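Chemist:
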């Protein structure tokens with residue numbers, strides 16, 4: 223049984239169509255800006271689905287209010303599916319005096335939820351901040367399925383070594399080769415990125431990553447791949463946290479840009495709903 | 223030592239002027255809407271001051287991030303002064319399926335803060351939801367001081383019996399009489415409000431309450447007081463959660479409307495900063 227929060231409304235239709243049972247809720251905002259939630263129905267176990275894209279703090283607080291209402295209503299086991307978890311990039315203290323913001327969010331969710339499911343979190347080690355069971359769900363299968371025909375016998379690349387695991391997971395679904403880009407100093411002032419130990423000539427290439435924001439990395443990588451003679455260039459990313467104008471810029475540089483619908487955007491063409499139904 | 227959050231900036235100048243030591247912090251918002259905080263300084267104990275008016279969820283999350291950063295920085299004792307606590311009116315389940323929203327907020331703050339100080343909370347019984355020490359600070363002294371000369375030998379009224387304690391507290395500071403309004407059915411279809419057991423004729427009257435929103439109650443009360451021959455009518459309220467246009471409407475109906483600066487508004491002329499420094 224699912225409860226859909228404000229950050230899950232774009233997934234509701236498909237969840238229902240694929241057989242998910244949805245519990246009715248009332249969600250609104252008072253004139254002063256405070257959120258109001260109300261659970262219309264009852265049960266023992268429930269999965270709350272709400273992604274925390276902007277305005278992220280409203281969605282985080284709403285998740286707490288939903289949790290409080292569900293506990294008050296007698297639900298015994300609460301699972302939170304938060305496909306995109308806000309603050310997940312603030313995963314360490316880079317400058318002294320900073321918080322580990324994702325820790326604060328996970329601890330707050332832990333007040334009400336027994337289990338937390340996130341998709342392709344920036345740093346999976348941060349899951350330990352959630353007091354209950356926390357699971358990082360891979361979107362590799364749905365991304366692979368989306369690009370299978372388009373890629374043909376192409377290859378999968380990660381924009382850096384840190385994202386290699388993501389490229390491997392997608393490539394293994396497809397039975398294709400994979401590698402990653404690496405920075406190389408080409409002169410005292412210039413750094414270039416290059417794909418490592420793989421030939422892209424006349425190959426279709428899919429670049430995968432967890433988050434795309436400005437798209438700068440993808441545009442740079444696509445430029446290099448063109449020079450190296452790649453055929454079609456695809457970008458398949460989990461979370462489309464695009465800044466203003468980024469979609470258009472990336473679209474110009476590659477043959478196709480597609481992200482999952484952990485965040486609803488105009489290029490969120492890869493649905494994670496099948497994966498949610500498997501949880 | 224104080225840390226000032228986004229909801230405390232309007233109090234910072236006076237806090238500093240009256241001798242409060244302020245720890246520097248960096249507060250900003252990323253382009254994607256996520257908040258960033260950074261503590262610039264160190265110590266053992268600190269009082270974070272931030273009122274949670276709209277956008278309230280951002281200020282609540284910021285308080286968690288500040289708490290996380292302060293703990294990370296080694297602070298041992300954290301106090302939160304939240305002059306206006308968002309969601310404090312959602313203090314009970316009125317319709318089945320609702321949360322007790324203020325409980326969720328207090329539990330979240332309890333993850334990081336040892337002590338919580340709020341001003342004139344709607345329902346003081348909700349303080350038990352905070353896991354640590356929670357204190358409801360009365361603004362009676364600063365409201366009384368603001369109206370002392372204007373009221374002269376006037377009287378203090380609460381808009382209903384539930385707010386009588388607030389009227390008493392202000393009246394006792396001033397050594398004046400106090401009472402409250404009561405609803406009275408004057409015909410099968412009409413209900414009127416009347417001050418109980420007190421003569422307002424030729425008296426200045428101060429009406430006090432915890433929250434003013436539309437101002438409807440105050441405007442109605444002022445109309446009755448005029449009919450009963452009151453001299454000047456003042457309204458002194460703790461939290462000015464005004465809806466659009468309410469300040470103008472109330473200003474027309476009374477001789478002076480003044481609220482405290484738990485929320486910054488154009489009529490927040492009564493400062494709670496002296497009370498914060500006494501905590």
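Protein chains in written order, with this note's numbering: chain A, 223 to 501; chain B, 223 to 501.
Where is the CB? At the ideal position from N, CA and C, for every residue including glycine.
Every value quoted in this text rests on a predicted model; they were computed, and no experiment measured them.
Report, in whole angstroms, the separation of the C-beta atoms of residue 304(B) and residue 340(B), which I expect to be a contact under 8 Å.
Modeler: Yes, they are in contact, since the Cβ atoms of residue 304(B) and residue 340(B) sit about 5 Å apart, within 8 Å.
Chemist: Nearest CA to the CA of residue 423(A): which residue from 441(A), 449(A) and 291(A)?
Modeler: Closest by alpha carbon: 449(A).
Chemist: Inspect the CB distances between the segment 232–249 of chain B and the segment 359–379 of chain A and report whether three or more fall short of 8 Å.
Modeler: Too few Cβ pairs lie closer than 8 Å, so no.
Chemist: Residue 277(B) by DSSP, collapsed to three states: which one?
Modeler: In the structure shown, residue 277(B) sits in coil (DSSP, three-state: anything other than H, G, I, E or B).
Chemist: Rounded to whole angstroms, how far is the Cβ of residue 272(B) from the Cβ of residue 284(B), which I believe are closer than 8 Å?
Modeler: With a Cβ gap of about 7 Å, residue 272(B) and residue 284(B) count as contacting.
Chemist: Can you list, in chain order, the residues of the segment 456–483 of chain B whose Cβ is nearer than 7 Å to any Cβ on chain A?
Modeler: The segment 456–483 of chain B vs chain A, Cβ under 7 Å: 463 and 465.
Chemist: Taking C-beta pairs closer than 9 Å, name the residues in chain A that residue 301(B) reaches, listed in chain order.
Modeler: In chain order: nothing, as chain A lies at least about 18 Å away.
Chemist: Along the chain, where does the beta strand (DSSP E) containing residue 417(A) start, and where does it finish?
Modeler: It spans 412–417 - the beta strand (DSSP E) in which residue 417(A) sits, taken as one unbroken run.
Chemist: How would you call residue 419(A), buried or exposed, if buried means at least 16 neighbouring beta carbons within 10 angstroms?
Modeler: With fewer than 16 other Cβ atoms within 10 Å, it is exposed.
Chemist: Would residue 495(B) and residue 233(B) qualify as a contact pair, given that the criterion is a beta-carbon distance under 7 Å?
Modeler: Contact: yes.
Chemist: What did DSSP end up calling residue 472(A) once you bin it into helix, strand or coil?
Modeler: Helix, per DSSP.
Chemist: For residue 381(B), decide whether its Cβ has a neighbour in chain A, counting only Cβ atoms nearer than 7 Å.
Modeler: So, not an interface residue.
Chemist: Just the chain B side, please: which residues come within less than 7 Å of residue 253(A) by C-beta, in chain order?
Modeler: In chain order: 465.
Chemist: Check whether the Cβ atoms of residue 361(B) and residue 460(B) sit closer than 7 Å, and answer yes or no.
Modeler: Yes; because the gap between Cβ atoms is below 7 Å, this pair is in contact.
Chemist: Taking beta-carbon pairs under 7 Å, can you tell me which members of the segment 325–338 of chain B lie near chain A?
Modeler: Cβ contacts with chain A: 325, 326, 329, 330 and 333.
Chemist: Return the chain-ordered ranges of every beta strand (DSSP E) run that is complete within the segment 300–363 of chain A and spans a minimum of 3 residues.
Modeler: Fully enclosed beta strand (DSSP E) runs of 3 or longer: 337–341 and 355–359.
Chemist: Do residue 427(A) and residue 457(A) count as a contact pair if the criterion is CB distance below 7 Å?
Modeler: Going by C-beta atoms, residue 457(A) is not nearer than 7 Å to residue 427(A).
Chemist: At what residues does the alpha helix (DSSP H) containing residue 481(A) begin and finish?
Modeler: No alpha helix (DSSP H) contains residue 481(A), which is instead part of the beta strand (DSSP E) from 478–482.
Chemist: Leaving out the 5 sequence neighbours to the left and right, which residues in its chain are closer than 8 Å to residue 298(A) when beta-carbon positions are compared?
Modeler: Around residue 298(A): 266 and 267.
Chemist: In the structure shown, what three-state DSSP assignment does residue 369(A) receive?
Modeler: DSSP places residue 369(A) in helix when its eight states are reduced to three.
Chemist: Taking the alpha helix (DSSP H) that residue 497(A) falls in, what are its first and last residues?
Modeler: 495–500 is the extent of the alpha helix (DSSP H) around residue 497(A).
Chemist: Would you mind working out which of 281(B), 398(B) and 318(B) sits nearest residue 261(A), comparing C-alpha positions?
Modeler: Of the listed residues, the one whose Cα sits closest to residue 261(A) is 318(B).
Chemist: Once you ignore the five residues that flank residue 257(B) on each side, which residues in its own chain have a CB closer than 7 Å to its CB?
Modeler: Within the same chain, residue 257(B) has close Cβ partners 251, 280, 283, 284 and 287.
Chemist: State buried or exposed for residue 439(B), treating a residue as buried only when at least 16 other CB atoms are found within 10 Å of its CB.
Modeler: Per the 10 Å Cβ criterion, buried.
Chemist: Counting only beta-carbon separations shorter than 7 Å, does residue 431(A) have a partner in chain B?
Modeler: Judged by the 7 Å Cβ criterion, residue 431(A) is not in contact with chain B.
Chemist: Would residue 403(B) and residue 468(B) qualify as a contact pair, given that the criterion is a beta-carbon distance under 7 Å?
Modeler: Cβ atoms of residue 403(B) and residue 468(B): not closer than 7 Å.
Chemist: Interface residues of chain A around residue 305(B) at Cβ under 8 Å?
Modeler: Under the 8 Å cutoff, chain A gives no residues; its nearest Cβ is about 16 Å from residue 305(B).
Chemist: On a CA-only basis, which of 481(A), 277(A) and 454(A) is nearest residue 308(A)? Give me that one, please.
Modeler: Out of 481(A), 277(A) and 454(A), 277(A) has the C-alpha closest to the C-alpha of residue 308(A).
Chemist: Rounded to the nearest angstrom, what separates residue 433(A) and residue 344(A) at their Cα positions?
Modeler: Using only the alpha carbons, I get a separation of about 8 Å.
Chemist: Check each residue of the segment 258–279 of chain B: if its Cβ is closer than 7 Å to any Cβ of chain A, include it; give the result in chain order.
Modeler: Those residues of the segment 258–279 of chain B that come within reach of chain A (Cβ to Cβ, closer than 7 Å) are 259, 260, 261, 262, 276, 277, 278 and 279.
Chemist: Would you decide whether residue 408(A) is buried or exposed? Buried here means 16 or more other CB atoms lie within 10 Å of its CB.
Modeler: Under this definition residue 408(A) is an exposed residue.
Chemist: Please name the residue in 489(B), 323(B) and 310(B) whose C-alpha comes closest to that of residue 290(A).
Modeler: It is 323(B).
Chemist: Chain B partners of residue 315(A), CB-CB under 7 Å?
Modeler: Chain B residues near residue 315(A): 294.
Chemist: Chain A partners of residue 319(B), CB-CB under 7 Å?
Modeler: 260, 261, 262, 291 and 295, listed in chain order.
Chemist: Answer yes or no: do residue 230(A) and residue 245(A) have a C-beta to C-beta separation smaller than 7 Å?
Modeler: No, these two residues do not count as a Cβ contact at 7 Å.
Chemist: What is the DSSP secondary structure of residue 268(B), reduced to helix, strand or coil?
Modeler: It is a strand residue.
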